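A.B. asks: Protein chains in written order, with our numbering: chain B, 1124 to 1371; chain C, 31 to 427. I have a structure here, written as structure tokens, and I will follow up with some questions on it.
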């Protein structure tokens, strides 16, 4: 069982309470100017987007099998059993491979700092481990963002679609995307119309590199025997040639 | 060899003669210095055009990805000379090892610019994540740099007449060389594996599950091309005679490696059914074309003996291979990712300045070391009988 969030864009009224709740939880500044920004960045870890008359939210998807955590060379990113993907800034060396690897382009970097960190939503790991809701879910006045167990939220999402088939696009975003995410979306229209990526692979991304990486021990052992053997044979030939006084 | 008192030739302290190249060199170094100031004082934001959508730029795409590849001559020639025991290639082994050692050192310098926290460069050695390709690359590069340092040491020991350590290092040389070849195989290919995690981002002409194989084979090719490139330049710089028969024979090997590479590339594109993409009038199509043409021309030319035996033509082929390689790495590391990232990236002047400084620095250090250490004298070590044999043997050409 792991924690997750369900965002129902048909309920969202675009009040941006989630944004201010998030800013408060991270101790980040929040004002009208920042509220007007519709992209996530190092100083804004969730953003409400306007798509015509509909709204959508961007935040870290806290993937079930996160690409960011698999590529991090120092293990600064971890998928917790609780659900959130957490970040240890003290380990991070700033290679930004997590940013390159994320299929949702979520991680942001503090580009202008001399000692920068990566920044992303961690689904309020601390609050959730104390049994509290995420700051955004708590701040939402209409229940567009709710927080709970992933299995239960999935059941809830499917129930909403079944009860109001005309009101929803008949899919839950995040079930299979990138191997499954901890943030699930409901929408009235196809997902690309509310700015969600539909070209995201349906397999867990860490597999793509692990398929090659797991061959390393085989390559090393086979390579040692092969190269050692070639050396042994070619060296022996050279020695024999020398003894016989022939030119090779 | 009679023990001689070691003497290093530093440039004389009087004001150096002004030449065009020296002025260009000084200009590059000064701009690099100012760019370094910007990097230190204003961070990556003040010195690069990188963004959240495009987190890797020229410093990764060129300094690291091309840098590591251009240094691949080290492992290719070590394998040929010491493992396959083809003594004929010995005269170009040391310059290749020197290039590799310098190359990896400069890659590290490039990384110090690119990492957000360069003071934590050592973290992957202590904080492990075996699932990360970058972790594997970090370990391989660290270990291989150590191996290269040990392979380079004999030149220093010879220079200073230190026979004891020289003997000692000769004793461990075979396992050392095998280790070097293995580490190189791993990380040269892993630089391709790095991009397997972005199937939705990297343009389909480049994204393939066999990227690691393509990276490895092209690294071998460019390693050979760089060997020809270096020998040609150093023969001009130091007034040495060019080892033409030897280089021609390397050109022959290069032709075969390039053919293998192009064939794998063709098979890959056809198995993935992406030839249709070549009909699209997109930047990616043209850059892909450039890469393939730059690779195909020298392949065809190098199969002809009269091209291999003409120093200028041979050199031109090597240069084309180097450029084809650089185009490929930049395509995979930068341009091929632009459309998928939904943004454009053009490096800031300071990114270019740092990169040029690193390249210029590399040339200068190579020149200094080659002037002062027995880099190009390794031929003396090979028995004269063998050298004569080479000259007489038409097969080696």
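Even for Gly, the Cβ is constructed at its ideal location relative to N, Cα and C. Only a predicted model underlies this, so the values are computations on that prediction, with no experimental measurement involved.
1. Output the distance between the C-alpha atoms of residue 1262 of chain B and residue 248 of chain C, rounded to the nearest integer angstrom.
2. Just to make sure I have the definition right: I need the residues of chain C whose C-beta is within less than 7 Å of the C-beta of residue 1361 of chain B. Which are they?
3. Please tell me whether residue 1189 of chain B has its Cβ less than 8 Å away from any Cβ of chain C.
4. Does DSSP put residue 1372 of chain B in a helix, in a strand, or in coil?
5. Using the beta-carbon count (16 or more within 10 Å), is residue 222 of chain C buried or exposed?
6. Of the residues B/1201, B/1195 and B/1133, which one's Cα is nearest the Cα of residue 1178 of chain B?
7. Pick helix, strand or coil for residue 304 of chain C, following the three-state DSSP scheme.
8. Helix, strand or coil: how does DSSP classify residue 1246 of chain B here?
9. Of all the alpha helix (DSSP H) runs that stay within the bounds of the stretch 87–138 of chain C, which reach a length of 4 or more residues?
10. What's the C-alpha gap between residue 1139 of chain B and residue 316 of chain C?
11. Using beta-carbon positions only, say whether residue 1127 of chain B and residue 1206 of chain B come within less than 8 Å of one another.
12. Can we say the stretch 1211–1224 of chain B touches the stretch 142–161 of chain C, given the rule of at least three CB pairs closer than 8 Å?
13. Does at least one heavy atom of the ligand SAM sit under 7 Å from the Cβ of residue 358 of chain C?
14. Anything in the stretch 1231–1243 of chain B with a Cβ closer than 7 Å to a Cβ of chain C? List those residues in chain order, please.
15. Check for me: the beta strand (DSSP E) holding residue 1200 of chain B runs from which residue to which?
16. Does the Cβ-Cβ distance between residue 106 of chain C and residue 250 of chain C come in under 8 Å?
17. Taking only three categories from DSSP, how would you classify residue 374 of chain C?
18. So with CB distances below 8 Å, who are the chain B contacts of residue 378 of chain C?
19. Runs of 4 residues minimum, wholly inside the stretch 305–364 of chain C: which ones carry the alpha helix (DSSP H) assignment?
20. Check each residue of the stretch 1206–1230 of chain B: if its Cβ is closer than 8 Å to any Cβ of chain C, include it; give the result in chain order.
21. Cβ closer than 9 Å: which chain B residues qualify as neighbours of residue 93 of chain C?
22. I'd like to check one pair, residue 73 of chain C with residue 1245 of chain B: are the Cβ atoms closer than 8 Å?
23. Go ahead and pull the three-state DSSP assignment for residue 1126 of chain B.
24. Using a Cβ-Cβ cut-off of less than 8 Å, list which residues of the stretch 1175–1186 of chain B approach chain E; keep chain order.
25. Rounded to whole angstroms, what's the CA-CA distance from residue 207 of chain C to residue 177 of chain C? Just pull it up for me.
26. Quick test of the definition: if touching needs 3 or more C-beta pairs under 8 Å, does the stretch 386–404 of chain C touch the stretch 119–128 of chain C?
27. Flag residue 1354 of chain B as yes if its beta-carbon sits less than 8 Å from any beta-carbon of chain C, otherwise no.
28. Pick from C/70, C/304, C/75 and C/283: whose alpha carbon is nearest that of residue 1233 of chain B?
29. Let me make sure I understand the geometry here. Which of C/95, C/113 and C/65 has the alpha-carbon closest to that of residue 138 of chain C?
C.D. replies: In terms of the structure at hand:
1. Along the first chain, read from residue 1 onward, the residue named residue 1262 of chain B stands at position 139. Along the second chain, read from residue 1 onward, the residue named residue 248 of chain C stands at position 218. Computed Cα separation, rounded: 54 Å.
2. By 1-based counting over the first chain, the position of residue 1361 of chain B is 238. Per Cβ cutoff of 7 Å: 115.
3. Residue numbering aside, residue 1189 of chain B sits at position 66 when the first chain is read from its first letter. Closer than 8 Å: no.
4. Since the first residue shown for chain B is 1124 and the last is 1371, residue 1372 of chain B is missing from the structure and cannot be characterised.
5. On the second chain, position 192 is the one that residue 222 of chain C refers to. By the 10 Å Cβ count, residue 222 of chain C comes out buried.
6. To locate residue 1178 of chain B, count along the first chain from 1; it is residue 55. Looking only at B/1201, B/1195 and B/1133, the smallest Cα-Cα distance to residue 1178 of chain B is reached by B/1133.
7. Residue 304 of chain C sits at position 274 when you count from the first residue of the second chain. Coil.
8. Here residue 1246 of chain B refers to the residue found at position 123 when the first chain is read from its first residue. Coil.
9. Entirely contained in the stretch 87–138 of chain C, the alpha helix (DSSP H) runs reaching 4 residues are, in chain order, 95–100 and 103–108.
10. Looking up residue 1139 of chain B in the first chain gives position 16. Looking up residue 316 of chain C in the second chain gives position 286. Computed Cα separation, rounded: 45 Å.
11. Here residue 1127 of chain B refers to the residue found at position 4 of the first chain. Here residue 1206 of chain B refers to the residue found at position 83 of the first chain. Using a Cβ distance threshold of 8 Å, residue 1127 of chain B and residue 1206 of chain B count as a contacting pair.
12. yes
13. Among the components of this structure there are no ligands whatsoever, and the ligand SAM is therefore not found.
14. Per Cβ criterion, the list reads 1231, 1232, 1234, 1235, 1236, 1237, 1238 and 1239.
15. As a working mapping, residue 1200 of chain B is identified with position 77 in the first chain. That run of the beta strand (DSSP E) goes 1200–1202.
16. What you label residue 106 of chain C is simply residue 76 of the second chain in a count that begins at 1. What you label residue 250 of chain C is simply residue 220 of the second chain in a count that begins at 1. Contact: yes.
17. As a first step, residue 374 of chain C is located in the second chain; it is residue number 344 there, counting from the start. In this structure, DSSP gives residue 374 of chain C a state outside helix and strand, which the three-state scheme calls coil.
18. Looking up residue 378 of chain C in the second chain gives position 348. The premise fails here: residue 378 of chain C is roughly 12 Å from chain B at the closest Cβ pair, so nothing lies under 8 Å.
19. Listed in chain order, the complete alpha helix (DSSP H) runs (minimum 4 residues) inside the stretch 305–364 of chain C are 313–332, 335–338 and 341–360.
20. 1214, 1215, 1216, 1217, 1218, 1219, 1220, 1222, 1223, 1224, 1226, 1228 and 1230
21. Your numbering for residue 93 of chain C matches position 63 in the second chain. In chain order: nothing, as chain B lies at least about 13 Å away.
22. Taking the first residue of the first chain as 1, we reach residue 1245 of chain B at position 122. Taking the first residue of the second chain as 1, we reach residue 73 of chain C at position 43. Not a contact, by the Cβ cut-off of 8 Å.
23. Position 3 of the first chain holds residue 1126 of chain B. Strand, per DSSP.
24. No chain E appears in this structure, whose protein chains are B and C.
25. To locate residue 207 of chain C, count along the second chain from 1; it is residue 177. To locate residue 177 of chain C, count along the second chain from 1; it is residue 147. C-alpha separation (whole angstroms): 8 Å.
26. yes
27. Residue mapping note: residue 1354 of chain B aligns to position 231 of the first chain, counting from 1. Closer than 8 Å to some Cβ of chain C, the Cβ of residue 1354 of chain B qualifies, so yes.
28. Here residue 1233 of chain B corresponds to residue number 110 of the first chain, with the count starting at 1. The option with the nearest alpha carbon to residue 1233 of chain B is C/75.
29. Counted from its first residue, the second chain places residue 138 of chain C at position 108. Among C/95, C/113 and C/65, the Cα nearest to that of residue 138 of chain C belongs to C/95.
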